[in-house]
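Since the structure comes first, as structure tokens, the remarks are kept for the end.
Protein chains: 2
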Amino acid sequence: MVSLAGGMPNIADLPREAIGAAISKLIAENGVQAMQYGSGQGEPFMRDKITEVMAEEQIAAHADDIVITCGSQQGLDLVTRVFCDPGDVILAEAPSYVGALGTFHANQCEVVHVAMDEHGIVPQMLRHAVHTLRAAGRKVKFLYTIPNFQNPTGVSQTLERRRELVALAHEVDLLILEDNPYGLLTLDEQPLPALRALDAEKVVYLGSFSKTFAPGFRVGWVLAPHAVREKLVLTQESATLCPPVFSQFAIAKYLDEFDWRGQILVFRDMYRARRDAMLEALPEHMPAGSQWTHPRGGFFVWLTLPEGLDSQAMLPRAVTARVAYTPGTAFYADGLGSRNMRLSFCFPTPERIIEGVKRLGEVIKAELVTRATFGIDVTPAQPIRRDLTVGPAPDVN
Amino acid sequence: MVSLAGGMPNIADLPREAIGAAISKLIAENGVQAMQYGSGQGEPFMRDKITEVMAEEQIAAHADDIVITCGSQQGLDLVTRVFCDPGDVILAEAPSYVGALGTFHANQCEVVHVAMDEHGIVPQMLRHAVHTLRAAGRKVKFLYTIPNFQNPTGVSQTLERRRELVALAHEVDLLILEDNPYGLLTLDEQPLPALRALDAEKVVYLGSFSKTFAPGFRVGWVLAPHAVREKLVLTQESATLCPPVFSQFAIAKYLDEFDWRGQILVFRDMYRARRDAMLEALPEHMPAGSQWTHPRGGFFVWLTLPEGLDSQAMLPRAVTARVAYTPGTAFYADGLGSRNMRLSFCFPTPERIIEGVKRLGEVIKAELVTRATFGIDVTPAQPIRRDLTVGPAPDVN
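Protein chains in written order, with numbering that gives the first Met the number 0: chain A, 0 to 396; chain B, 0 to 396.
Structure below.
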């Protein structure tokens, strides 16, 4: 089986022996603190280090405005709990990260998707959504967006688009929740400034070590304006007392004693080879009528099937052909996405990616033959919500 | 300063060098898994190990019914989120753990306290509370109880009391949330069976490695009936994706390669010496009219001041005299507890505990002199709620 489905980073290239030795030393020298309860906000030395990491994306922040979380997923949950009541609306790209949709749903919020183009979420569509929803009496709490190498589309916002979004946030008085796990995994250019680098007032920022170091330690963070930060700390204390303490000591040790910037360059080279393998294999194996995005970083390509095909219905046949992907419907709160799928290039080797794309191409071609032979439209009827949620497929091939 | 205020375990006696070496080996040999994303329910090997730990308190459980949490505090939060809506009632001992009260409050639930006696929560008071609240149209979602060495009173439920509580849970159809961080830190006798050992249907159980190993890894667990467990896993996934993975590998390694049962005996000896130091110092230094509990395990003694004194008002003067404690009001949702304080014997050495109790006795005696001299009643007016919440001070001296 070649899985193009998951979003697991490839951490096999981390210098494990050296990291193990450093953590062993940490326990011997500082274990009484590292294994004890810690601060509900997160350890001060960890928050200091995080300001250095964020500076790589031009964010100037004070360590006191950071709250450490159990992975940035917990940041999503804490922010949602602090801002939202049941029935509130959260705006998100169409499509958006499945884990965020899950958290918003668990907190009884409704997600309204806003169309993207090849430069990310479309400001005029966002303005229209905010006005329409507010006119209908709905409470719109924030825009959730992934500006860099978006999950699942791989699309990035241009610098101009970022400036437009931040200006729009002020124009319509809308908070932006910026989720940025992949920003430093840029493959073709230097990192663009984060939305938070352009505006400190309207942007709450989520960061993570899961893709730039390792996810198993479960350390992410929220950077928020002071009044929000205070509420986040109280919510964190009631949720966990304190985020993982030992993990914070371990990651701080890694950042202190290892060339973490150099390690990110190693990761970039590794992911670039995988991204390139996928983008070279797709035109070779995909039938006419297929479209896909061309990510300049991150983990994902977003594929649109030829008309009439359904990625969810096709999945069992793909698995039989020993290739897996994530059906597009997972990334919509409203039932769309049946012609789409997310293909991950993060975890398998380039050779396996090429083999996976080849198998996938054969499955799609077989679906087209079946459809032509039996005249069956294998795509189920889609809900039509052209007002807010339907935009062009992003960055199409 | 002698702090008798905190609840931090003393982990200085853990074999840190050996633990460091074991974790270093873990990273070298198994780091790719230990540092990767994991299961939302928690790693299967960790859940298997936890069944062995719970067997020490006579709990027979299947690993599939366990959900790993980011400390048992997160278990409290997840269970509350799964069961409760805003305005629901949670019953708890009077007084109860401040961190649980905080979580229930953050989830917009109302806590109604039920009186304790020297054997724990009083069944007839619990029955009365359930009937009264339901007659008033309130939704009572569960009883939160700490059967062993309760925080903050140090009181333990007898076996007979446990049987009564479980029978009552069936009689009035009430779920019990059993929080058991201290059970294995029994100092005078073998562990009694957990409530969950007596009943698997009406009891949701919270466990933790924070006191029997170390809190900084943030690993606790919930053991719940199957239908509840499924909802807890979904809530955990939306809250964190997965609980701390590296911590689970580290703790499993510790349980596998170290004599963890022997280490608990070491902890017991250490805490027994501290508990004994406190219980020997109290009658020597406390003025007439003071009362306190006699815990047979755990971390805490609950002190009742002579009439007319207020532990909250007195705290600044105690701090000036270089001794700290936690005022009793922290452990009530309804403003009671001003004559009480929690004294922790877990963290300072026996010598420091004796010194702290001596200083505290002097502060209390000075308060009594002030009161007698100036005729001031330094106790503020207390709210009177004798129906459900006021019981005798537990296990009084």
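Just so you know, even glycine gets a beta-carbon here, dropped at the ideal spot from N, CA and C.
All figures in this text were calculated on a predicted structure; none of them were measured in a lab.
Can you pull the chain B residues whose beta carbon is under 8 Å from the beta carbon of V430/A, in chain order?
Lying outside 0 to 396, the shown extent of chain A, residue 430/A is not represented and no answer is given.
Give me the Cα-Cα distance between L174/B and P180/B, rounded to the nearest whole angstrom.
Residue mapping note: residue 174/B aligns to position 175 of the second sequence, counting from 1. Residue mapping note: residue 180/B aligns to position 181 of the second sequence, counting from 1. Looking at the two C-alpha atoms, the distance is approximately 19 Å.
Distance, Cα to Cα, C69/B vs S310/A?
Counting from 1 along the second sequence, the entry for residue 69/B is found at position 70. Counting from 1 along the first sequence, the entry for residue 310/A is found at position 311. Their Cα atoms are separated by approximately 36 Å.
Please list, in chain order, all residues of the same chain as T234/A whose beta carbon is under 8 Å from its beta carbon, the five residues on each side excluded.
Taking the first residue of the first sequence as 1, we reach residue 234/A at position 235. Taken in chain order, the residues that qualify are L77, R80, V81.
Quick one: does E16/A have its CB under 8 Å from some CB of chain B?
For the purposes of this step, residue 16/A is taken as residue 17 along the first sequence, with counting starting at 1. Yes, contact with chain B.
In chain order, what residues of the same chain have a beta carbon less than 6 Å from the beta carbon of A380/A, not counting five sequence neighbours either side?
Taking the first residue of the first sequence as position 1, residue 380/A is located at position 381. Note that A380/A scores 47 on pLDDT, short of 50, meaning its location in the model is unreliable; the coordinates nonetheless yield the value given after this. No residues qualify anywhere along the chain.
Check each candidate in R316/A, A280/A, R267/A, Q57/A and name the one with the smallest Cα separation from G297/A.
The residue labelled residue 297/A in the question sits at position 298 within the first sequence. Cα-wise, what sits closest to G297/A is R267/A.
Tell me, please, which residues DSSP counts as bridged to A323/B.
On the second sequence, residue 323/B is found 324 positions in, with the first residue counted as 1. For A323/B, which the question treats as bridged, DSSP gives the partners S2/B.
Bridge partners for L90/A per DSSP, in chain order?
Translated into positions along the first sequence, residue 90/A becomes position 91. Answer is V111/A, L142/A, bridged to L90/A.
Counting only beta-carbon atoms, is D76/A nearer than 8 Å to chain B?
Within the first sequence, numbered from 1, the residue matching residue 76/A stands at position 77. Closer than 8 Å: yes.
Using a Cβ-Cβ cutoff of 8 Å, what residues of the segment 228-240 of chain A are near chain B? List them in chain order.
Cβ contacts with chain B come from L233, T234, E236, S237, A238, T239, L240.
Quick check on the DSSP output: the alpha helix (DSSP H) that includes I22/B runs from which residue to which?
Here residue 22/B is taken as the residue at index 23 of the second sequence, counted from 1. Note, I22/B: alpha helix (DSSP H), 15-33.
So the alpha helix (DSSP H) M45/B belongs to, where does it begin and stop?
For the purposes of this step, residue 45/B is taken as the residue at position 46 of the second sequence. Note, M45/B: alpha helix (DSSP H), 43-54.
Output needed in chain order: residues of the segment 58-73 of chain A with a Cβ under 7 Å from some Cβ in chain B.
The segment 58-73 of chain A vs chain B, Cβ under 7 Å: C69, G70, Q72, Q73.
Can you give me, in chain order, the residues of the segment 238-260 of chain B that have a beta carbon less than 8 Å from any beta carbon in chain A?
Listed in sequence order: A238, T239, L240, C241, P242, P243, V244, F245, S246, F248, A249.
Going along the chain, which residues of the segment 203-220 of chain A sit with their C-beta nearer than 7 Å to a C-beta in chain B?
So the list reads A213, P214, G215, F216, R217, given in the order they occur along the chain.
Reducing DSSP to helix, strand and coil, say where D116/A ends up.
On the first sequence, position 117 is the one that residue 116/A refers to. It is a strand residue.
When you compare only the Cα positions, how much space is there between E350/A and R321/A?
Along the first sequence, read from residue 1 onward, the residue named residue 350/A stands at position 351. Along the first sequence, read from residue 1 onward, the residue named residue 321/A stands at position 322. Roughly 15 Å separates the two Cα atoms.
Are there 16 or more other CB atoms within 10 angstroms of the CB of L254/A, so buried, or fewer, so exposed?
Within the first sequence, numbered from 1, the residue matching residue 254/A stands at position 255. Answer is buried; the Cβ neighbour count reaches 16.
Can A312/B and L3/B be called in contact, C-beta distance under 8 Å?
For this step, residue 312/B is matched to residue 313 along the second sequence. For this step, residue 3/B is matched to residue 4 along the second sequence. Their beta carbons are not under 8 Å apart, which means A312/B does not touch L3/B by this criterion.
Taking Cβ positions only, does I352/A come closer than 8 Å to chain B?
Counting from one through the first sequence, the residue named residue 352/A turns up at place 353. For I352/A, the answer is no, since every Cβ of chain B falls outside 8 Å of its Cβ.
Name the chain A residues whose beta carbon is nearer than 9 Å to that of A4/B?
As a working mapping, residue 4/B is identified with position 5 in the second sequence. Those within 9 Å of A4/B in chain A number zero; the least Cβ separation is about 13 Å.
Can you list the alpha helix (DSSP H) stretches of 4 or more residues lying completely in the segment 146-194 of chain B, in chain order?
Correct list: 158-170.
Nearest to R271/A by CA position, among M124/A, E188/A, V221/A, is which residue?
On the first sequence, residue 271/A is found 272 positions in, with the first residue counted as 1. For the residues M124/A, E188/A, V221/A, the minimum Cα distance to R271/A belongs to E188/A.
Rounded to the nearest angstrom, how far is the Cβ of P122/A from that of L167/A, given a contact under 8 Å?
By one-based count along the first sequence, residue 122/A stands at place 123. By one-based count along the first sequence, residue 167/A stands at place 168. Going by Cβ atoms, the distance from P122/A to L167/A rounds to 5 Å, so yes, they are a contact pair.
Taking the continuous beta strand (DSSP E) assigned at V368/A, which residues delimit it?
To locate residue 368/A, count along the first sequence from 1; it is residue 369. Per DSSP, V368/A belongs to no beta strand (DSSP E); it is in the alpha helix (DSSP H), 349-373.
Just mark L264/B as buried or exposed, buried being the case when its beta carbon has 16 or more other beta carbons within 10 Å.
Looking up residue 264/B in the second sequence gives position 265. Exposed, because fewer than 16 other Cβ atoms sit within 10 Å of the Cβ of L264/B.
Could you give the DSSP three-state label for L222/B: helix, strand or coil?
Residue mapping note: residue 222/B aligns to position 223 of the second sequence, counting from 1. L222/B falls in the strand class under three-state DSSP.
Cα-Cα, which of K252/A, E361/A, L176/A is closest to Y96/A?
Here residue 96/A refers to the residue found at position 97 when the first sequence is read from its first residue. Checking every option, the nearest Cα to that of Y96/A belongs to L176/A.
Between the beta-carbon of Y42/B and the beta-carbon of V356/B, is there less than 8 Å?
For the purposes of this step, residue 42/B is taken as residue 43 along the second sequence, with counting starting at 1. For the purposes of this step, residue 356/B is taken as residue 357 along the second sequence, with counting starting at 1. It should be noted that the sequence gives Glu, not Tyr, for residue 42/B. No; because the gap between Cβ atoms is not below 8 Å, this pair is not in contact.
Can you find at least 3 beta carbon pairs, one from the segment 59-74 of chain B and one from the segment 281-291 of chain B, that sit closer than 8 Å?
No: fewer than three Cβ pairs fall under 8 Å.
Please report how far the alpha carbon of S343/B lies from the alpha carbon of Q32/A, in whole angstroms.
What you label residue 343/B is simply residue 344 of the second sequence in a count that begins at 1. What you label residue 32/A is simply residue 33 of the first sequence in a count that begins at 1. The straight-line gap from Cα to Cα measures roughly 19 Å.
Using the Cβ count rule (16 or more neighbours within 10 Å means buried), how would you classify H130/A?
Locating residue 130/A in the first sequence gives position 131, counting from the first residue. The residue is exposed, with fewer than 16 neighbouring Cβ atoms inside 10 Å.
Short of 6 Å in beta carbon distance, which residues of its chain neighbour Y204/B, apart from the five on each side in sequence? Order them along the chain.
For this step, residue 204/B is matched to residue 205 along the second sequence. Same-chain partners within the cutoff: E177, R195, L222.
Output, in chain order, the set of chain B residues within a Cβ distance shorter than 7 Å of S23/A.
As a first step, residue 23/A is located in the first sequence; it is residue number 24 there, counting from the start. The answer, in chain order, is G19, A20, I22, S23.
Do we get a CB-CB distance below 8 Å when we pair M402/A with the residues of chain B?
Outside the displayed span of chain A (0 to 396) sits residue 402/A, for which this structure offers no information.
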